[in-house]
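Numbering (my numbering), first residue to last: 12 to 154.
See the structure below:
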């Protein structure tokens, strides 16, 4: 054999040794592109869809409860109960009875500048309340 044929065979071996790692790298890249990345995307999409389904179910429950409330408010009894509970409306034959007695606030304030103004305001208000005690004023908080 001649030296040219030996170099051809040796060059072929070298190129085969170079082709194997490049081929393995190519096969790894293709398998990564065709299997690993789509599977990761599929699992993340599956978890996102499950989360959205849970949110949708929660929104359906909220809508159902709101629709029930609307249906109750469309009836005269439901409307009257809502007006009573939210606005504090009383019928003319009813009387409001306070459950707790509100204690009177004490006005023991120092005799210095900012407190003297407050004390004077309280005295004027007390005098007005005494003067108007005989007049019935419509006050929704009073029974």
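For each residue, glycine too, the CB sits at the ideal point set by N, CA and C.
Exercise. Which parts of the stretch 54-103 are runs of the beta strand (DSSP E), unbroken and 3 residues or longer, counting only runs that do not cross its ends?
Worked result: Complete beta strand (DSSP E) runs here, min 3: none at all.
Exercise. What is the DSSP secondary structure of residue 12, counted as helix, strand or coil?
Worked result: Unreliable positioning characterises residue 12 in this predicted model, as indicated by a pLDDT of 49, which lies under 50. The coordinate reading is nonetheless provided below. Here residue 12 sits in coil by DSSP.
Exercise. Where residue 142 and residue 134 are concerned, what is the direct C-alpha to C-alpha distance, given to the nearest angstrom?
Worked result: In a straight line, the C-alpha of residue 142 is about 12 Å away from that of residue 134.
For this session: Specify the secondary structure class of residue 123 as computed by DSSP and reduced to three states.
Result: coil
Exercise. Under the three-state reduction of DSSP, which class applies to residue 133: helix, strand or coil?
Worked result: helix
Problem set entry | Backbone CA spacing between residue 12 and residue 30 [nearest angstrom] | Confidence in residue 12 is poor, its pLDDT being 49 and thus under 50, which makes the residue's placement too unreliable to answer from.
Exercise. Going straight from the alpha carbon of residue 76 to that of residue 61, what length do you get?
Worked result: Taken atom to atom, the span from the alpha-carbon of residue 76 to that of residue 61 is near 23 Å.
Exercise. Under the three-state reduction of DSSP, which class applies to residue 35: helix, strand or coil?
Worked result: Three-state DSSP puts residue 35 in a helix.
Problem set entry | DSSP state of residue 128 mapped onto helix, strand, coil | helix
For this session: Report, in whole angstroms, the separation of the C-beta atoms of residue 129 and residue 120, which I expect to be a contact under 8 Å.
Result: Their Cβ separation, rounded to whole angstroms, is 6 Å, which keeps residue 129 and residue 120 in contact under 8 Å.
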